[in-house]
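Worksheet: the structure to be examined is printed underneath.
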Amino acid sequence: MLRLLAGGERRLGLSDIASSLGLAKGTAHGILRTLQQEGFVEQEAASGRYQLGAELLRLGTTYLDVHELRARALVWTDDLARSSGESVYLGVLHQQGVLIVHHVFRPDDSRQVLEVGAMQPLHSTALGKVLSAYDPVAHSEVLEAERKVFTPRTISELDQFEGVLDLTRARGYADDVEETWTGVASVSAPIHNRRRMPVGAVGITGAVERVCKDGQLRPDLIAAVRDCARAVSRDLGAGRF
Numbered sequence: 003m004l005r006l007l008a009g010g011e012r013r014l015g016l017s018d019i020a021s022s023l024g025l026a027k028g029t030a031h032g033i034l035r036t037l038q039q040e041g042f043v044e045q046e047a048a049s050g051r052y053q054l055g056a057e058l059l060r061l062g063t064t065y066l067d068v069h070e071l072r073a074r075a076l077v078w079t080d081d082l083a084r085s086s087g088e089s090v091y092l093g094v095l096h097q098q099g100v101l102i103v104h105h106v107f108r109p110d111d112s113r114q115v116l117e118v119g120a121m122q123p124l125h126s127t128a129l130g131k132v133l134s135a136y137d138p139v140a141h142s143e144v145l146e147a148e149r150k151v152f153t154p155r156t157i158s159e160l161d162q163f164e165g166v167l168d169l170t171r172a173r174g175y176a177d178d179v180e181e182t183w184t185g186v187a188s189v190s191a192p193i194h195n196r197r198r199m200p201v202g203a204v205g206i207t208g209a210v211e212r213v214c215k216d217g218q219l220r221p222d223l224i225a226a227v228r229d230c231a232r233a234v235s236r237d238l239g240a241g242r243f
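Note that this note's numbering has the sequence shown beginning at 3, numbered continuously upward.
Okay, structure coming up:
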C-alpha cells in the first residue's frame with residue numbers, strides 16, 4: 003500500500019487503493035486508518051484521498067542520513083581502531099537511546115561480537131552523553147527517560163547530569179569510566195553535518211586498564227577520537243571547526 007502511494011503521481015481514493023491491491027474496501031480502510039494513526043499516511047480533508055505522511059518521509063530522510071554517516075565514517079573509524087587498539091562505535095539517537103550503526107572490532111585475535119543494531123543508554127555512555135549534550139532532541143529525551151543506575155559511578159541525579167553535559171560541551175568530548183559497565187571505559191566525540199547539526203557520535207571502548215592511566219582517560223585516545231569525529235564531520239560537509 004505504501005509503495006502504491008509512493009508510486010502515484012496523485013492522491014488516491016479508497017476505491018483506487020482497494021482495487022489496485024485486490025482488497026475489500028473495509029480491509030483497505032482498516033489498513034489506511036492504522037497507517038494514518040502512525041503518521042505514515044495522510045488524508046486530504048476536502049477530497050478524502052490519501053498520500054504518504056510526513057512521518058514516513060522523515061523516516062526515509064533519517065535512513066539516508068544514517069547511511070551517509072556510516073559510509074563517510076568507514077575509513078576514519080578503521081583508522082581509529084588501528085591507532086587506538088580498541089573497539090570503535092558509531093551511534094545515533096533512536097527511541098530515547100543510542101543505536102549502534104557501525105562497529106569496528108578491536109584489532110587483535112580476541113573473540114568479539116558485532117554490536118551493530120544494539121542500543122545503549124543516553125545518560126551513562128560516552129556516546130549517549132555526547133548526543134545529549136549537542137542534540138536538543140536527545141537532551142529532551144534523556145530528561146524524560148528513566149536514568150537507570152548501572153554501577154556505583156552512574157550519574158542519574160538531574161543537576162549532576164546537566165553539569166556533565168555542560169562539561170562535555172566545554173571540552174568537546176564525553177567519557178564513561180565504569181558508569182555503564184564495570185571494568186569498561188569509553189570516550190566519544192560529536193559528528194556534525196554540513197548544517198553544523200549533530201548527526202551522531204563516534205567513540206572507542208575498552209578495558210579500564212588500557213583506556214585509562216592513573217584513573218584518567220589517556221589524552222592520546224581523547225585526541226584520536228576527536229580527530230576522527232572532526233574528519234567524519236568534514237567529509238559530511240561541516241568544514242573546519
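Built from N, CA and C at the ideal position, the CB exists for glycine as well.
How is residue i classed by DSSP in three states: helix, strand or coil?
i            : result
tyrosine 52  : strand
serine 142   : helix
alanine 8    : helix
leucine 14   : strand
aspartate 80 : helix
alanine 30   : helix
glutamate 57 : helix
alanine 198  : Residue identity differs from the one stated: residue 198 is arginine in this sequence, not alanine. Here arginine 198 sits in coil by DSSP.
leucine 167  : helix
arginine 72  : helix
serine 112   : coil
Taking the DSSP output, what are the residues bridged to residue i?
i           : result
alanine 209 : Val186
lysine 215  : Gln218
proline 192 : Ala203
Classify residue i: buried if its beta carbon has 16 or more other beta carbons within 10 angstroms, exposed otherwise.
i             : result
aspartate 111 : exposed
serine 89     : buried
glutamate 211 : exposed
glycine 29    : Looking at the sequence provided, one finds threonine at residue 29 rather than glycine. Burial call: exposed.
threonine 36  : exposed
arginine 74   : buried
aspartate 168 : exposed
glycine 165   : exposed
glutamine 122 : buried
With residue i as the anchor, note down where its alpha helix (DSSP H) starts and where it stops.
i              : result
isoleucine 157 : Run containing isoleucine 157: none; DSSP gives neither H nor E here.
alanine 226    : 221-237
alanine 128    : 128-136
Between which two residues does the beta strand (DSSP E) containing residue i stretch?
i             : result
glycine 24    : From DSSP, glycine 24 is part of no beta strand (DSSP E); its letter is neither H nor E.
histidine 125 : Per DSSP, histidine 125 belongs to no beta strand (DSSP E) and is neither H nor E.
glutamine 45  : 43-45
valine 90     : 89-96
aspartate 178 : 176-179
valine 100    : 99-106
Keeping to the same chain, check which residues put their C-beta closer than 6 angstroms to that of residue i; ignore five residues upstream and five downstream.
i             : result
serine 158    : Arg149, Val151
serine 235    : Ile193, His194
leucine 219   : Asp177, Val189
glutamate 117 : Ile102, His105
glutamine 114 : Phe107
Here's a check: name, in chain order, each residue in its chain whose Cβ is nearer than 7 angstroms to the Cβ of residue i, leaving out the five neighbours to either side.
i             : result
threonine 127 : Val100, Asp178, Thr182, Ser188
serine 86     : Ile206, Leu223, Ala226
Ignore the nearest five residues each way along the sequence and tell me which others in residue i's own chain have a CB closer than 8 angstroms to its CB.
i             : result
histidine 141 : Ser134, Ala135, Leu167
histidine 50  : Rather than histidine, the amino acid found at residue 50 in this sequence is glycine. So the qualifying residues of the chain are Gly15, Leu16.
leucine 34    : Met3, Leu16, Ile19, Val43, Gln45, Tyr52
At least one CB of chain D closer than 8 angstroms to the CB of residue i: is that the case?
i          : result
glycine 55 : Any reference to chain D falls outside this structure, which holds one protein chain only.
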